[in-house]
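Asker: Residue numbers (this note's numbering), protein chains in the order written: chain A, 1 to 252; chain B, 253 to 459. Ideal Cβ placement from N, Cα and C applies to all residues, glycine included. Attaching a single structure in structure tokens format; questions to follow.
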Amino acid sequence: MTGPVIWDPSTLPVDDNVNPYAFSVALDGRWFLQKGKMVAYYGNISFHPIGYGALDSLISTSFHSPTHAADWVVAEGRGHMILADRSYDVNSYDLENGNLTVRSGNLLAYAPTLALKQSIIPGFLTLIGSGKFVAASNGPVHFVEPPIRVDPQALVGWADCPSPCHHFDHAYMRGVLGGVRRLTGIGGASGEEHQFEFVGAGQVLLQSTEVLMTELATGLVADEPGIPGQAPPQQGGQMRPNLGALGQQLGF
Amino acid sequence: MQGSRVLAVDLAGDSVKARNGSMVAYDGQMTFKRMSGGGEGLRGLVTRRITGEKMTVMEVQGQGTCWFAERATEINLVRLSGERLHVEASNLLCTEATLRTGTEFTGLRGASEGHGLFTTKVEGQGWAAVTSDGPAVILRVARGLPLRVDPGAYVAHTGNLKQSFRTDVTWRAVVGETGGESFQIEFEGDGLVYVQPSERRTFAGDA
Chain A
1 MTGPVIWDPS TLPVDDNVNP YAFSVALDGR WFLQKGKMVA YYGNISFHPI GYGALDSLIS
61 TSFHSPTHAA DWVVAEGRGH MILADRSYDV NSYDLENGNL TVRSGNLLAY APTLALKQSI
121 IPGFLTLIGS GKFVAASNGP VHFVEPPIRV DPQALVGWAD CPSPCHHFDH AYMRGVLGGV
181 RRLTGIGGAS GEEHQFEFVG AGQVLLQSTE VLMTELATGL VADEPGIPGQ APPQQGGQMR
241 PNLGALGQQL GF
Chain B
253 MQGSRVLAVD LAGDSVKARN GSMVAYDGQM TFKRMSGGGE GLRGLVTRRI TGEKMTVMEV
313 QGQGTCWFAE RATEINLVRL SGERLHVEAS NLLCTEATLR TGTEFTGLRG ASEGHGLFTT
373 KVEGQGWAAV TSDGPAVILR VARGLPLRVD PGAYVAHTGN LKQSFRTDVT WRAVVGETGG
433 ESFQIEFEGD GLVYVQPSER RTFAGDA
């Protein structure tokens, strides 16, 4: 048996994985990270809250999601930082003048060359620009290309511009019997009647589990007409009885 | 080792000490004997009762192979040759009979990990198995190369390390805006620190 690997700052990888569950950042300057994802560091690094005055200019270019501000910090200084999250798989991704949307709880850290924006879809964050970011997933991440339908719980994020929409299994839920089945589970519901559908060019990122990370309470965006997400996001396929036009068509 | 989550121990008449209930299978002839107070005698028993660093240990003796596992956590083997391993009792799975265990005071650092004020030390020659949530990352600390660790991610350390508790709580924390990493343990000296890629709940909340 070979002995375990012992790391120190000269052997730690530069902006790469230490093992599938831990990521090392060679910090020289600033990085954004989500609170509590740093497990250890060498060197001289300080952690500032987003509201820290000296960071104003950085925040104005790279951080555009005020409702998430309480969950993020800026690491500043020189040294090596090790990031990890509940021993989930951790991966880094390079964006080149692109965009990627990811579930907010899955994003660990990103370089300030990227700009973080809140997605129109509640609970998701979009990164725009060029640079590196680190995200966690329960089990390895799989990249698939649209058109595809995915389980809501397995979705980690998507890159470029596929169009995400809800898909309900119409054939299965049709008619009165189907409606009863849907609402009561009598007669067997497969639990897969509701999916996210992606069409268009791009990549969809999936995790190999249906375990969701705990959603962070992020508050709601400003209450203005036309902004989705005023109600808590609906997940797990549990439909509310009021389905509008779709509901009427289904016989509710 | 079999995989990284099951520990296989071959015994030929000798014995190991393991956490109560961590045996998953064995073949050959084995006897399991519960040892009160971590097998440290009456004094050890009393110390552990008082300090809350509880550890129920069994002695496994016999011929054959015995497999140990604990809630599918990763198992890290640590080879000790005379040095001292400091580990939380809840992270210690199994030690060779040649190793001595004991309790020690850690002060504020222990409290920050949500594990009480005391920790377990293991000394002697032999192998010890330490569990961690995800494979542990081993980090070297040398002179002029201090390491700071999140209390919730700390698992164990060996060598001659001085640890101190660091806070950067400023007035901003008082008004509810913190850097999120306000509490850290600083290690200085010469040795190795085992860090798990996951954080326990600590009294400082998500800090």
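Counting along the chain, where does the alpha helix (DSSP H) carrying A/S60 start and finish?
Answerer: A/S60 -> alpha helix (DSSP H) spans 56-62.
Asker: Would A/A135 be called buried (16 or more neighbouring beta carbons within 10 Å of its own) or exposed?
Answerer: Burial call: buried.
Asker: Is DSSP giving B/G404 helix, strand or coil here?
Answerer: DSSP places B/G404 in helix when its eight states are reduced to three.
Asker: Taking all protein chains shown into account, do 16 or more other C-beta atoms lie within 10 angstroms of the C-beta of A/H80, making it buried, or fewer, making it exposed?
Answerer: Under this definition A/H80 is a buried residue.
Asker: Would you grab the beta carbon distance between A/R129 and A/L95 for me? Rounded to a whole angstrom, and I think it's under 8 Å.
Answerer: Going by the sequence as given, residue 129 of chain A is Gly instead of Arg. That pair is a contact at about 7 Å.
Asker: Going along chain B, which residues have a C-beta under 7 Å from A/A22?
Answerer: Correct list: V389, P449.
Asker: So, does the CB of B/L263 fall closer than 8 Å to a CB anywhere in chain A?
Answerer: No - not a single Cβ of chain A is within 8 Å of the one on B/L263.
Asker: How would you label A/V199, buried or exposed, when you count the other beta carbons within 10 angstroms and need 16 or more for buried?
Answerer: Burial call: exposed.
Asker: Within the same chain, show all residues whose beta-carbon is closer than 6 Å to that of B/W319, passing over the 5 residues directly before and after it, in chain order.
Answerer: V258, A260, V276, A277, listed in sequence order.
Asker: Going by the CB atoms, is the gap between A/G98 and A/A159 shorter than 8 Å?
Answerer: Yes, these two residues count as a Cβ contact at 8 Å.
Asker: Does DSSP put B/S450 in a helix, in a strand, or in coil?
Answerer: It is coil, neither helix nor strand.
Asker: Considering only the alpha carbon of each residue, which of A/Q195, A/P49, A/S62 lies closest to A/A70?
Answerer: Minimum Cα distance to A/A70 is reached at A/P49.
Asker: Among the candidates B/H338, B/L345, B/E348, B/A349, whose CA atom is the shortest distance from the CA of B/T355?
Answerer: The option with the nearest alpha carbon to B/T355 is B/H338.
Asker: Excluding sequence positions up to five away, which residues of its chain have a Cβ less than 6 Å from the Cβ of B/V407?
Answerer: Excluding positions up to five away in sequence, the list reads N343, S384, A388, Y446, Q448.
Asker: Between B/D266 and B/G314, what straight-line distance do the alpha-carbon atoms span, to the nearest angstrom?
Answerer: Cα to Cα, B/D266 sits roughly 6 Å from B/G314.
Asker: Helix, strand or coil for A/T67, going by three-state DSSP, please let me know.
Answerer: A/T67: helix per DSSP, three-state reduction.
Asker: Counting only runs of 4+ residues fully inside the segment 307-391 of chain B, write out the alpha helix (DSSP H) ranges in chain order.
Answerer: As far as the segment 307-391 of chain B is concerned, its whole alpha helix (DSSP H) runs of at least 4 residues are 360-364.
Asker: In this structure, how does DSSP classify A/N106 when only helix, strand and coil are distinguished?
Answerer: Residue state, collapsed to three classes: helix.
Asker: Going by C-alpha to C-alpha distance, which of A/S87, A/S62, A/S65 sits closest to A/N17?
Answerer: When each option's Cα is compared against that of A/N17, the closest is A/S87.
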